[in-house]
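Data first, discussion second: the structure below is written as structure tokens.
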């Protein structure tokens, strides 16, 4: 249950500035035309502009550290990839539909404090720049267009990767679980109001002389509210001054309250199979499917109202589309006497997909758009095999 | 001609290789399929293919290629400015 708050230190600001115009690398232009070799570092680039995505991938993959580059064309997929595998650096375009780059970068930074973050934008704006650095982003840069800008961009990325490990120090992000926060306040006999937000949700916990006396969120109050807030696995917190006149609704000790809340949460997680914070994680049923090469998103419909998704931006719309397409092709197969429908595959500039139906379940797997038709076919067979076993 | 003594297994219909082009309106423009492959079947395939491609476009995920893999047939379609060229290939079963 990490709950995070920003507390950006001057040290971090200084680091970010030096990365912005960092020292030149020993090699002359930061690029290399020798064949690609994996160097152990992984970079995720997210941009809705596919041409830029391709260009960046090529530029970055040729850096001397030979990073492995993954791309995502939308925020949802980027967050899903971040959940699925470790990355050293996240580069995000600030202007994207639905969830913009700021949200992606900040969300990723909160969840993965060690992840380096780069914001790129097509238009230079001092307010954006200030907001980016104030938010804890490591580097803010305009999209490079000239060879010189590309060289500098490559060097900045290289510099961030070099400083990505083993440099220690403070990065200005405080990440604590709610249990830690309450314990710290109670052990120090403090009086404060812990305000926690998670998206549009807000909760408050009143602590008085080292004891939890009240909690409130939405229409809940007391222990019920405390347990509800405790179930938010991510969010922001801030401590407000104590309110001595607050009416007491909680009489349990903070230790038993925390223990009870943790137990309730564990039981709830065991039942729901922990889908992960903000729905970006993988449910157990999707885990083996996500290991298939090239799979970037998954949508599994097991029956009416039973839909599990990973990295799909609008799962309900796609579930409807998948169902319609599979039904129409099945009916077409019957008309043509073509035998059972094994899969429907599609490829386009945004992504590839494989649609499968097995035992009343329908699966849509989003695939890397660069995969060949043969690889898509093989991925479909492997997915069908996993689906069959599940 | 001698009758085969090999027992017949239940199998999908045998198809012959060929292609046809369907306009955005769903009419067949040109076909290399044998004459015994009816126009209605081609129009049926075209309808399903165009419907899948256009509905994906509406969801913001345009596809340039679409393939349906049946036990006895593969239908592979390529988007042609709203219409499609469709290739039929007998499957291996």
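Chains as they are written, first to last, in my numbering: chain B, 3 to 392; chain Y, 24 to 116. Built from N, CA and C at the ideal position, the CB exists for glycine as well.
Endpoints, beta strand (DSSP E) assigned at residue 309(B):
The sequence position of residue 309(B) within the first chain is 307, counting from 1. For residue 309(B), the enclosing beta strand (DSSP E) stretches over residues 308–312.
Flag residue 56(Y) as yes if its beta-carbon sits less than 8 Å from any beta-carbon of chain B, otherwise no.
To locate residue 56(Y), count along the second chain from 1; it is residue 33. It does not: the Cβ of residue 56(Y) has no partner Cβ on chain B nearer than 8 Å.
Grab the span of the alpha helix (DSSP H) containing residue 402(B) for me, first residue to last.
With chain B represented from 3 up to 392, any question about residue 402(B) goes unanswered, as that position is not in the structure.
Chain B residues whose Cβ lies nearer than 8 Å to that of residue 92(Y):
As a first step, residue 92(Y) must be located in the second chain, where it is residue number 69. In chain order: 343, 344, 345, 346, 347, 379, 382.
Opposite residue 234(B) in the DSSP bridges: which residues?
For the purposes of this step, residue 234(B) is identified with residue 232 of the first chain, where counting begins at 1. Bridge partners of residue 234(B): none, in fact.
Please decide whether residue 68(Y) counts as near chain B, where near means a Cβ-Cβ distance under 8 Å.
Numbered from its first residue, the second chain carries residue 68(Y) at position 45. Yes, its Cβ sits closer than 8 Å to a Cβ of chain B.
With residue 301(B) and residue 324(B) assumed to form a contact (beta carbons below 8 Å), what rounded beta-carbon distance in angstroms separates them?
The residue given as residue 301(B) occupies position 299 in the first chain. The residue given as residue 324(B) occupies position 322 in the first chain. The Cβ separation is near 7 Å, so the contact holds.
DSSP three-state label for residue 276(B), please.
Residue 276(B) sits at position 274 when you count from the first residue of the first chain. Reliability fails at residue 276(B), whose pLDDT of 40 lies under 50, so the model's placement of it is uncertain and the value that follows must be treated cautiously. DSSP places residue 276(B) in coil when its eight states are reduced to three.
Chain Y beta carbons: is any one of them nearer than 8 Å to that of residue 352(B)?
Walking along the first chain from the start, residue 352(B) turns up at place 350. With 8 Å as the cut-off, residue 352(B) counts as an interface residue toward chain Y.
Just the C-alpha distance for residue 260(B) and residue 184(B), rounded to the nearest angstrom, thanks.
Position 258 of the first chain holds residue 260(B). Position 182 of the first chain holds residue 184(B). Across the structure, residue 260(B) and residue 184(B) are spaced so that their CA atoms are roughly 8 Å apart.
Under the assumption that residue 327(B) contacts residue 75(Y) (Cβ atoms under 8 Å), give the Cβ distance between them as a whole number of angstroms.
As a position in the first chain, residue 327(B) is number 325, starting the count at 1. As a position in the second chain, residue 75(Y) is number 52, starting the count at 1. So it is a contact: roughly 5 Å between Cβ atoms.
What residues in its chain sit with their C-beta under 7 Å from that of residue 106(B), if we drop five residues either side in the sequence?
Locating residue 106(B) in the first chain gives position 104, where the first residue counts as 1. Closer than 7 Å at the Cβ level, and outside the excluded window around residue 106(B), lie 48, 77, 80, 81, 94.
Taking the alpha-carbon positions, what's the residue 338(B) to residue 308(B) distance?
To locate residue 338(B), count along the first chain from 1; it is residue 336. To locate residue 308(B), count along the first chain from 1; it is residue 306. Using only the alpha carbons, I get a separation of about 32 Å.
With a threshold of 16 other CB atoms inside 10 Å of the CB of residue 93(Y), please say whether the residue is buried or exposed.
As a working mapping, residue 93(Y) is identified with position 70 in the second chain. Buried, by the Cβ-count rule.
Hey, does residue 107(Y) have any beta-carbon neighbour from chain B nearer than 8 Å?
Translated into the one-based positions of the second chain, residue 107(Y) becomes position 84. Chain B, which has no Cβ nearer than 8 Å to the Cβ of residue 107(Y), makes this no.
Does the beta-carbon distance from residue 98(Y) to residue 68(Y) come in below 8 Å?
Counted from its first residue, the second chain places residue 98(Y) at position 75. Counted from its first residue, the second chain places residue 68(Y) at position 45. Yes.
Could you tell me which chain B residues have their CB closer than 7 Å to the CB of residue 74(Y), listed as they occur along the chain?
Position 51 of the second chain, counted from the start, is the residue given in the question as residue 74(Y). Correct list: 330.
Counterpart residues of residue 95(B) in DSSP-defined beta bridges
For the purposes of this step, residue 95(B) is taken as residue 93 along the first chain, with counting starting at 1. Residue 95(B) is bridged to 122(B).
Just to confirm the assignment, what range does the alpha helix (DSSP H) spanning residue 58(B) have?
Here residue 58(B) is taken as the residue at index 56 of the first chain, counted from 1. Its alpha helix (DSSP H) spans residues 52–63.
Nearest to residue 42(B) (by Cα), restricted to the options 359(B), 181(B), 72(B):
Within the first chain, numbered from 1, the residue matching residue 42(B) stands at position 40. Comparing Cα positions, the closest option is 72(B).
Does the count of Cβ pairs from the segment 37–55 of chain Y and the segment 382–392 of chain B closer than 8 Å reach three?
no
Suppose you measure from the CA of residue 161(B) to the CA of residue 84(B); what does that come to, to the nearest Å?
Walking along the first chain from the start, residue 161(B) turns up at place 159. Walking along the first chain from the start, residue 84(B) turns up at place 82. Cα to Cα, the separation comes out at about 21 Å.
Tell me which same chain residues have a C-beta within less than 8 Å of the C-beta of residue 91(B), skipping the five on either side of it?
Start at 1 with the first residue of the first chain, and residue 91(B) comes out as number 89. Closer than 8 Å at Cβ, skipping near neighbours: 43, 44, 45, 46, 69, 117, 118, 119, 120, 159, 162, 163, 166.
Sort 352(B), 87(B), 369(B) by Cα distance to residue 295(B) and report the nearest one.
Start at 1 with the first residue of the first chain, and residue 295(B) comes out as number 293. Looking at 352(B), 87(B), 369(B), the one whose alpha-carbon comes closest to that of residue 295(B) is 369(B).
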